[in-house]
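Each protein sequence line maps, in turn, to chains A and B.
With the working numbering as the guide, the letters of the first sequence map in order to residues 808 to 1098.
With the working numbering as the guide, the letters of the second sequence map in order to residues 713 to 1113.
All residues carry an ideal CB built from backbone N, CA and C; glycine is no exception.
Small disclaimer: the values here were computed from a predicted structure and weren't measured.
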Amino acid sequence: MTITLAFQLAIAGVSVGSIYALVALAIVIPFKSSGVLNFAQGEVVTFGAYAALVLTQLALPYPVVVLGVVVLGGVGGIVAERLLIRPIVQAPEFTLVMATFAIGLLIKGLISLKFGDSAASLDSPFDPEPLIALGLRFNLTSLWILACTTFVTLSVIGFFKYTKMGKAMRAVSVNAEASRLMGIRVSSVYRWAWGISTAIGALSGLLVAPLIGINPEIGHLILRGLLAAVIGGFTSIAGAVFGGIAVGLIETFSGVLIGSTFKNLVPFLLLMLLLFFRPHGLFGTAEAKRV
Amino acid sequence: MKTIFRAVCAFVLTVAGLTVSAQQQGVTADNILIGAFGPITGPAAYIGLAGRDGMNLAIKEINAAGGINGRKLSAAFEDDAHSPTRGLAAAKKLIEQDKVFMLMSVGGSNATAGTIDYVRDSKLIMYVSIASVPQVTWPFAKNMFRGGTTESARYGELYAEFLSTHFKTKKIGIMSGREEYPRNEGDATVTKLKDWFGIAPVARVEFNIGDKDFTPQLVQVQKVSPDVIAFLGNPAEAAIAMRQAKELGMKQPFFVGSNMVDPALVLAARTSAEGVTGFSLIPLLPGSKNPEMVKWQESWKKEYPSAPAGRPNNFDVMAYADMYVVADAMKRAGKDLTTDSMITSLEATKDFSVGAIATKRTFSTKHHIGNLSLVPMIVQNGAWEPVSWSSSRQSDILSRY
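Set out below in structure tokens:
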């Protein structure tokens, strides 16, 4: 393998990995604050892609489409949390997970009903011709996704570190009951956690649509998002992003070095190996419990 | 006296009706029930939704024109989700619970493959409109028919001849999906390239349905610099692969499997689809300005006014035409419709045509492959156009029977 080819593969790996990273981020945020693993997040990505398609067909400028998709995604998450999750928030974790499954199926069903199952496409706002520099080819849409992933990651890290709501989310994730006693409105924390994560999920859909097309099956990306989140440690924002990029790179390089047959298997095999040595992922830490 | 006469008539008619229904499942005095299956959910839903809608449009027209020998046609439909197990479950339900007269497969090869052994044993007729899975028609079974599609061995013949003679090359790369149809057609193409032209593909790589990144496969293909890349899969995957090939600086033209010679590919791949070639199973694609196709599309759109972009597609046309083939055979089978009379009638079908929108269908007592004709096409200015190329070799597949 030449150096140029290795770099070209790295570009492809980071490109697909940044998509996984965004999905992983959207999974980690509500889990970090409420302990709920949202299996509907894949369908939120699908929703974002279709919302972008509809808004684009209205001939709205790209920045308005981006804003519209983020707002629709966020509001959708807040509504879903208020109507479908909060009434059962005291139920066992498994029940909550199944509820998110149901929400996902509902979103997918409504999309199929409205748009059918045929594939559609969304034009990228950027030139489809790759940018050539240093003998390497860069897809402008992929670079845009990478830039957005970086921006979202830094924003989320900053949000958790410096804002009152972010700090409240961290507190609730440690102990919801104690946070309530300290005056934190836990219901508000859950609401915002859902809103932010679904806004990111919807944004992911808008970003990936020009690269992978639009169909009701986009939600399968959640498998890679979950893999990335587990590698990252499930409660770490930076870990989720690192995990996503790592999965993208592993898939791409293993596809070339080992063969495309094993491309999809290798990341899972490596995950099993990783969990053997680090059961809480690369960036996760074991929860301390008083005994 | 009148009362007795009426009672006797009613008794005779009732017995006659019961006799028919007792003799042949799915057939009553006033109805023929067909069981159909195809994927209406999942990545291959573009096939099954179209197959179902095309078939139902034909049924509506046939019934509006008076039905078949005094009976109306109706269809029970099951989603096979493009899965062999779901396909088998669908076939079992349709035959054992719904008690249909015959089956229509309007889905892909994956699910249809799962039904074959069971349906062969059931002795009921299965008419396959779209799937190319070879076991439908080879080895020969009296109750299995293939309509609009052709067998994967025939695809292999045409693909191999086109790739080597149209592109005038021996350096051919093949990228194929791991599911039933792309694997079968890929294998058939490799076989015929070797048998007819003494060519071995310079690369044969596989991918999974639903993959989002084809860089590893493209890099493997790029290493051996083929002159043309044959891509066998679904439009969603082809669109990504073609875009990524451009990004990798690959200039090779793409040739695609016949399921992608459809407006859906152009819709998904946009400019990356320009120059792509492939074989169409129908002579005119939806969107053509041919008056017959325009008229047909108007009827279709009247029936399905809120259909999404990309519809109707080729599979609408294929299933529509095949429903007419079946209806025509039923008419010729006469009032006493049984599986045996229907098989005899289907086997007598020769050059049946619903018009310029579909190819003619011919069956015989020796083989049940209705269509051996495919039309080579190329994407030019965002639309599929015919290519001036014709096969100069005699097909081998009928000589097996």
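Query, Result
"Measure from the C-beta of residue 924 of chain B to each C-beta in chain A and report whether the shortest distance is under 8 Å.", "yes"
"Can you give me the C-alpha to C-alpha distance between residue 872 of chain B and residue 957 of chain A, rounded to a whole angstrom?", "47 Å"
"Does any CB atom of chain A fall closer than 8 Å to the CB of residue 1022 of chain B?", "yes"
"Helix, strand or coil for residue 975 of chain B per DSSP?", "helix"
"Indicate whether at least one CB of chain B lies closer than 8 Å to the CB of residue 932 of chain A.", "no"
"Rounded C-beta distance between residue 920 of chain B and residue 974 of chain B? I'm assuming under 8 Å.", "Residue 920 of chain B to residue 974 of chain B, Cβ: 22 Å. No contact."
"Please confirm whether residue 960 of chain B has its beta-carbon closer than 8 Å to some beta-carbon of chain A.", "yes"
"Whose Cβ in chain B lies nearer than 7 Å to the Cβ of residue 901 of chain A?", "Simply none; closest approach about 26 Å."
"CA-CA distance, residue 1069 of chain B and residue 1003 of chain B?", "10 Å"
"Would residue 1029 of chain A pass as an interface residue toward chain B - the criterion being a Cβ-Cβ separation below 8 Å?", "no"
"Once DSSP output is grouped into helix, strand and coil, what is the label at residue 836 of chain A?", "helix"
"Near residue 843 of chain A, what residues of its chain come up, given a Cβ to Cβ distance below 6 Å and the 5 sequence neighbours on each side ignored?", "837 and 903"
"Out of curiosity, what's the CA-to-CA distance linking residue 1104 of chain A and residue 832 of chain B?", "For residue 1104 of chain A there is no data in the structure shown, the boundaries of chain A being 808 and 1098."
"Comparing C-alpha positions only, which one of A/914, A/811, A/1034 and A/1044 sits nearest to residue 973 of chain A?", "A/1044"
"Which residues of chain A have a Cβ atom closer than 7 Å to the Cβ of residue 746 of chain B, listed in chain order?", "Neighbours of residue 746 of chain B on chain A: none; closest Cβ ~23 Å, over 7 Å."
"Please list, in chain order, all residues of the same chain as residue 998 of chain A whose beta carbon is under 6 Å from its beta carbon, the five residues on each side excluded.", "885 and 888"
"Sorted by chain position, which residues of the same chain lie with C-beta nearer than 6 Å to residue 1067 of chain B's C-beta, five sequence neighbours on each side aside?", "1004"
"CB-CB under 7 Å to residue 835 of chain B, same chain, minus the five flanking residues each way: which ones, in chain order?", "855 and 1051"
"Of all the options B/1095, B/984, B/741 and B/795, which has the alpha carbon lying nearest to the alpha carbon of residue 936 of chain A?", "B/984"
"For chain B, check one thing: does any of its Cβ atoms lie closer than 8 Å to the Cβ of residue 1012 of chain A?", "no"
"So which residues of chain B does residue 928 of chain A contact, with C-beta pairs closer than 9 Å?", "951, 979, 980, 981 and 982"
"Can you round the beta-carbon distance between residue 970 of chain B and residue 992 of chain B to whole angstroms, since I take them to be within the 8 Å contact cut?", "6 Å"
"Please report how far the alpha carbon of residue 777 of chain B lies from the alpha carbon of residue 1034 of chain B, in whole angstroms.", "17 Å"
"Cβ of residue 754 of chain B less than 8 Å from any chain A Cβ?", "yes"
"Closest by CA to residue 954 of chain B, which one among B/977, B/936, B/779 and B/938?", "B/977"
"What residues are listed by DSSP as bridge partners for residue 989 of chain B?", "B/967 and B/1090"
"Using a Cβ-Cβ distance cut-off of 8 Å, determine whether residue 892 of chain B contacts chain A.", "no"
"Candidates A/1038, A/989 and A/912: which alpha carbon is nearest residue 753 of chain B's?", "A/912"
"Measuring only between beta-carbons, confirm whether residue 733 of chain B sits less than 8 Å from chain A.", "Because the pLDDT of residue 733 of chain B is 45, which lies under 50, any placement of that residue in the model is unreliable, and the question is left without a value."
"According to DSSP, simplified to helix, strand and coil, what is residue 926 of chain B?", "coil"
"Using a C-beta cutoff of 8 Å, does residue 932 of chain B count as contacting chain A?", "yes"
"So which residues on chain B does residue 1038 of chain A lean against when the C-beta distance must stay under 7 Å?", "Here the premise fails: no neighbours, minimum Cβ distance about 18 Å."
"Please state whether DSSP places residue 1008 of chain B in a helix, a strand or coil.", "helix"
"Pick from B/803, B/771 and B/868: whose alpha carbon is nearest that of residue 1085 of chain B?", "B/868"
"Please decide whether residue 1095 of chain B counts as near chain A, where near means a Cβ-Cβ distance under 8 Å.", "no"
"Residues of chain A with CB under 9 Å from residue 1029 of chain B, in chain order?", "By Cβ distance, chain A contributes nothing, its closest Cβ being about 15 Å from residue 1029 of chain B, past 9 Å."
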